[in-house]
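The numbers in the UniProt record's numbering rise by one with no breaks, and the one at position 106 of the sequence shown is 106. Just so you know, even glycine gets a beta-carbon here, dropped at the ideal spot from N, CA and C. On a predicted model such as this, the values are computed, not experimentally measured, just so you know. Worksheet: one structure, shown below.
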Amino acid sequence: MAWTKTYEGAEPLRINKWLAEEGVCSRREADALILKGLVKVDGEAAIAGQKIEAGQTLTLLQKATRQLDNRLSLIFHKPEGIVSGTPEAGEIPAVRLITAETLSGKAHAIPGRYNKLAPLGRLDKDSRGLLVLSEDGVLAKALIGPESTVDKEYLVKVKGDVTPDKLALLRHGLELDGRKLKPAQVDQVKAHELRFVLNEGRNRQIRRMCQLVDLRVADLMRVRVGSLELAGLPEGKWRPISARERDALLSGAAPSPRPSSPRAPREAQDRPPRETRERPQRGERPARGERPDRPPRPGKPSGKPGGKSGSPRGDRKPDSREEKPVNPMRGPKFKRTKLGPRKRSPIK
């Protein structure tokens with residue numbers, strides 16, 4: 001079935017970017033579909049780099065939607081000793097173990113020898129557990145893109161003494177490669193078993209973190225990626241990711257939208273508009289001639305109302321400046337004389 005939607009954006013937008021924002025496919029996948037002539041705008045075949053404008057309708061032909069629906073995403077329980085990515089000589093990659101014999105349950109497709117499955121968050125050769133493999137560019141961006149917020153959970157067995165100070169450092173306070181690590185959730189499950197929940201994935205991050213606090217990793221197992229859990233999947237087996245699980249991963253990975261405009265001050269939000277505010281009614285002020293006479297205050301003259309407090313003017317002490325003796329050198333008889341330059345006699 002073809003996919004059709006009308007663009008309602010305010011500004012023209014590249015077709016590949018719009019399809020990626022709609023969660024239909026990645027930009028690269030959109031470009032591939034455009035080159036194959038499987039994308040139309042208002043009934044005409046789209047071209048590479050074309051922008052769609054408001055009111056135009058984009059259609060993905062049925063062949064394109066079928067191709068996108070056949071993209072495979074799966075969970076694989078990776079054993080220790082298997083590499084996630086490109087293998088070196090003598091190593092076995094995880095994709096080679098994705099066969100009909102290792103399938104747990106049912107799948108709409110079995111990947112061939114030359115499939116496009118890629119690991120979304122690698123596990124090193126010495127680690128085991130949940131590994132996501134996918135041909136879906138949108139899912140890849142959600143799980144390992146720079147704005148991804150999907151967390152990953154690990155169970156780690158360590159050798160060494162686990163102390164509260166070491167746990168505090170593991171949670172917050174370590175650096176790798178000169179960069180501060182994001183805060184991590186680290187809990188002690190047993191005497192020598194820890195649970196890590198991370199929001200980032202540096203190279204061999206957990207092993208290096210433990211090494212910085214004098215702990216050595218004996219076993220590392222990833223048990224969860226976002227809403228995907230490993231529970232119930234035997235080691236060396238795989239199963240497909242359902243459409244519902246994919247939607248849950250995409251919704252959980254979407255970053256919170258930023259406000260389009262700066263937030264108004266609290267006072268401006270709480271106050272009603274100027275013209276609707278009711279001003280408090282003031283009482284009627286009596287006319288000047290109608291004001292009652294104030295009784296004289298004790299210790300104050302009964303003259304001008306509102307005068308400064310203090311004693312009557314006649315009782316004031318003389319100003320302290322008047323009591324200072326006059327300096328005779330500053331009198332009118334003495335004037336400062338400007339002297340001429342001093343003459344110096346030459347040294348003989």
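For Pro164, the first and last residue of its enclosing beta strand (DSSP E):
Pro164 -> not in any beta strand (DSSP E); alpha helix (DSSP H) instead, spanning Pro164 to Arg171.
Got a sec? Which residues, its chain only, sit under 7 Å from Arg246 by beta carbon, not counting five neighbours each side?
Ser73 and Leu139
Taking DSSP as the reference, what is the three-state secondary structure of Thr59?
strand
Quick check on Lys51: does DSSP put it in helix, strand or coil?
strand
Inter-residue spacing [alpha-carbon to alpha-carbon] between Asp214 and Tyr154
19 Å
DSSP state of Ala118 mapped onto helix, strand, coil:
strand
If we ignore side chains and look at the alpha-carbon of each, how far apart do Glu200 and Pro93 end up?
23 Å
Best match in Leu13, Gly43 and Ile82 for proximity to Gly129 [C-alpha to C-alpha]:
Ile82
Proximity below 7 Å, CB of Val158 to CB of Gly226:
no
Classify Gly137 as buried or exposed, calling it buried when 16 or more other Cβ atoms lie within 10 Å of its own Cβ.
buried
Buried or exposed: Ser84, going by 16 or more other Cβ atoms within 10 Å of its Cβ?
buried
Put Gly252 into one of helix, strand or coil per three-state DSSP.
helix
Using alpha carbons as the reference points, say which of Arg171, Asp187 and Pro164 lies closest to Leu181.
Arg171
Is it true that the CB of Thr65 sits closer than 7 Å to the CB of Trp18?
no
Please look up how many angstroms separate the CB atoms of Pro111 and Leu117, rounded, as I've assumed it's under 8 Å.
6 Å
Quick one: grab the DSSP three-state call for Ala20.
helix
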